[in-house]
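Asker: One structure coming up, written as structure tokens, with questions to follow.
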Ligand code: HEM
């Protein structure tokens, strides 16, 4: 069956596609950095809280990190909405179709996210008073956040491969997963390992700005070490991912397409530099290189998406029906939203500092 016959006709768009793609990728950068920090922070706490202590633990066991996670989950979810809107403008005809194919798992994301948030919240507030309840809530939060990440990887990968959509004729239950795609597991692992790395940096940063901790320097070093080890593992996972994509895309990353090749090289070089700075204990340099790596990897992800879709969809297929007034109004409201979030973060961090000092 020709997969193109399954793809709905895209709607007309109100401005050139590059406007939405730039906005989508910029906001996706914020979304994924926060989500990585959340999952990584939760995983690090999970390991540290369930590790058997040979000597009684006198430390705060990462409680300052636990306190920040519920806010970060809310922030990560909010930063997911704008890229979702922009994604739908350009790829809506593909994204809605893939969402229908996995509709049962997809709709479950909403209650699962709410429970994950409560898990992280209960984990934080019961940290000292009810340790076992708190630890169980942490396990729930980790499993549910992993579920959401898994489903997002599935949806994005199904969206990019319309040739898989004919599975719908054998399964109309909304439970189609793209597990036969060789790139699926490395793509998901890439997300989990990146989360551990960013979680390590979050850990280091929270202790850096914590006024009360007596173990500040040791904790910053620990966070950076987690970051550096996870990023070293990421080099292996990254190459696995690269080797698992269809072989006819590979030459594009190996010189045939100059832009794709340069972006991949920049990403790899900055990633290796960031892990070296991590091992050297240089927090600011590690963060700066991590940000360069993630920007380059997001561009690689976009290039790869367009390679996957090359037989099914080109951006110049979209019909332009300009509505610049509406677009400007939308961006204006978006900026007010981002400003409000920054303000709320400032208020909440001053409040948390006051609570910690009192
Ligand atoms: C807290 C749970 C969440 C996790 C763990 C998570 C994780 C992820 C991951 C791993 C990806 C990349 C998938 C890939 O292409 O391989 C992704 C992409 C995306 N996420 Fe989230 N996400 C979460 C919540 C949300 C929410 C609530 C929204 C929307 C309201 C959202 C919107 C998006 C969008 C639109 C993309 C694709 C962006 C693009 O392709 O440009 N996410 N997310």
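In the numbering used here, the protein residues as written are 88 to 445.
Virtual Cβ for every residue (Gly too), placed ideally from N, Cα, C.
Count the other CB atoms within 10 Å of the CB of residue 317; is the residue buried (16 or more) or exposed (fewer)?
Answerer: Locating residue 317 in the chain shown gives position 230, counting from the first residue. Buried is the call here.
Asker: Please state whether DSSP places residue 382 in a helix, a strand or coil.
Answerer: One-based indexing of the chain shown puts residue 382 at position 295. Helix.
Asker: The alpha helix (DSSP H) that contains residue 252, what's its start and end?
Answerer: If you number the chain shown from 1, residue 252 lands on position 165. Here residue 252 belongs to no alpha helix (DSSP H), and DSSP marks it neither H nor E.
Asker: What are the residues that DSSP puts in a beta bridge with residue 448?
Answerer: One cannot answer for residue 448 here, as it falls past the ends of the chain, which runs 88 to 445.
Asker: Is residue 236 near the ligand HEM, in the sense that its beta carbon is under 7 Å from a heavy atom of that ligand?
Answerer: Position 149 of the chain shown, counted from the first residue, corresponds to residue 236. Under cutoff, so the answer is yes.
Asker: Locate the alpha helix (DSSP H) running through residue 316, then write down its first and last residues.
Answerer: Start at 1 with the first residue of the chain shown, and residue 316 comes out as number 229. Start and end: 303-331.
Asker: For residue 325, count neighbouring Cβ atoms within 10 angstroms of its own Cβ and tell me buried if that reaches 16, exposed if not.
Answerer: Position 238 of the chain shown holds residue 325. Classification for residue 325: buried.
Asker: Do the region 334-346 and the region 268-285 meet, that is, are 3 or more Cβ pairs less than 8 Å apart?
Answerer: Touching, no, given that fewer than three Cβ pairs across the two stretches are closer than 8 Å.
Asker: I need the straight-line Cα distance from residue 399 to residue 128, nearest angstrom please.
Answerer: Within the chain shown, the letter at position 312 stands for residue 399. Within the chain shown, the letter at position 41 stands for residue 128. Approximately 39 Å, taken between the alpha carbons.
Asker: Return helix, strand or coil for residue 401, following the three-state DSSP convention.
Answerer: Within the chain shown, the letter at position 314 stands for residue 401. DSSP places residue 401 in coil when its eight states are reduced to three.
Asker: Counting C-beta neighbours from all protein chains within 10 Å, is the total for residue 251 16 or more, i.e. buried, or is it exposed?
Answerer: The count along the chain shown starts at 1 and reaches residue 251 at position 164. Under this definition residue 251 is a buried residue.
Asker: DSSP three-state label for residue 175, please.
Answerer: Counting from one through the chain shown, the residue named residue 175 turns up at place 88. Helix.
Asker: Looking at C-beta atoms only, is the number of pairs between the region 378-385 and the region 103-121 that lie closer than 8 Å three or more?
Answerer: A contact exists between the region 378-385 and the region 103-121.
Asker: Relative to the C-alpha of residue 88, which candidate in 254, 419, 268 has its C-alpha closest?
Answerer: Locating residue 88 in the chain shown gives position 1, counting from the first residue. The shortest C-alpha separation from residue 88 is found at 254.
Asker: Tell me, to the nearest whole angstrom, how far the beta carbon of residue 376 is from that of residue 364; I am working on the premise that it is less than 8 Å.
Answerer: Taking the chain shown and counting its residues from 1, the one referred to as residue 376 is at position 289. Taking the chain shown and counting its residues from 1, the one referred to as residue 364 is at position 277. Their Cβ separation, rounded to whole angstroms, is 6 Å, which keeps residue 376 and residue 364 in contact under 8 Å.
Asker: Compute the distance between the beta-carbons of residue 288 and residue 225, then report whether it is under 8 Å.
Answerer: Position 201 of the chain shown, counted from the first residue, corresponds to residue 288. Position 138 of the chain shown, counted from the first residue, corresponds to residue 225. Cβ atoms of residue 288 and residue 225: not closer than 8 Å.
Asker: Looking at residue 150 and residue 214, is the spacing between their C-beta atoms short of 8 Å?
Answerer: Position 127 of the chain shown, counting from 1, holds the residue named residue 214. Position 63 of the chain shown, counting from 1, holds the residue named residue 150. Yes, the pair counts as a contact, with Cβ atoms nearer than the cut-off.
Asker: Taking the alpha-carbon of residue 265 as reference, which of 257, 206, 248, 208 has the nearest alpha-carbon?
Answerer: If you number the chain shown from 1, residue 265 lands on position 178. Nearest of 257, 206, 248, 208 to residue 265, Cα basis: 248.
Asker: Output the boundary residues of the alpha helix (DSSP H) element that contains residue 224.
Answerer: Numbered from 1 along the chain shown, position 137 holds the residue referred to as residue 224. Where residue 224 is concerned, the enclosing alpha helix (DSSP H) stretches over 218-246.
Asker: Can you tell which of 395, 378, 320 has the C-alpha that lies nearest to the C-alpha of residue 244?
Answerer: Taking the first residue of the chain shown as 1, we reach residue 244 at position 157. Here the closest residue by C-alpha is 395.
Asker: Pull up the CB-CB distance for residue 97 and residue 407, whole angstroms please, since I reckon it's below 8 Å.
Answerer: Within the chain shown, numbered from 1, the residue matching residue 97 stands at position 10. Within the chain shown, numbered from 1, the residue matching residue 407 stands at position 320. 11 Å between Cβ atoms; not a contact.
Asker: Would you identify the three-state DSSP class for residue 165, choosing helix, strand or coil?
Answerer: Locating residue 165 in the chain shown gives position 78, where the first residue counts as 1. If DSSP states are grouped into helix, strand and coil, residue 165 belongs with the helices.
Asker: Between 183, 206, 230, which lies nearest to residue 220 when the distance is taken from Cα to Cα?
Answerer: Mapped onto the chain shown, residue 220 falls at position 133. Answer by Cα proximity: 206.
Asker: In angstroms with no decimal places, state the Cα-to-Cα distance between residue 313 and residue 135.
Answerer: In the chain shown, the residue the question calls residue 313 occupies position 226. In the chain shown, the residue the question calls residue 135 occupies position 48. So the two alpha carbons sit approximately 12 Å from each other.
Asker: Report the three-state DSSP secondary structure of residue 138 (helix, strand or coil).
Answerer: Working through the chain shown from its first residue, we reach residue 138 at position 51. It is coil, neither helix nor strand.
Asker: Considering only the alpha carbon of each residue, which of 329, 359, 311 lies closest to residue 273?
Answerer: Taking the first residue of the chain shown as 1, we reach residue 273 at position 186. Minimum Cα distance to residue 273 is reached at 329.
Asker: Under 7 Å: does the beta carbon of residue 177 sit that close to some heavy atom of the ligand HEM?
Answerer: Along the chain shown, read from residue 1 onward, the residue named residue 177 stands at position 90. Because no heavy atom of the ligand HEM lies under 7 Å away, the Cβ of residue 177 does not count as near it: no.
Asker: Terminal residues of the continuous alpha helix (DSSP H) containing residue 274?
Answerer: Translated into the one-based positions of the chain shown, residue 274 becomes position 187. That run of the alpha helix (DSSP H) goes 271-296.
Asker: Mark residue 111 as exposed unless 16 or more other C-beta atoms lie within 10 angstroms of its C-beta, in which case mark it buried.
Answerer: For the purposes of this step, residue 111 is taken as the residue at position 24 of the chain shown. The residue is buried, with at least 16 neighbouring Cβ atoms inside 10 Å.
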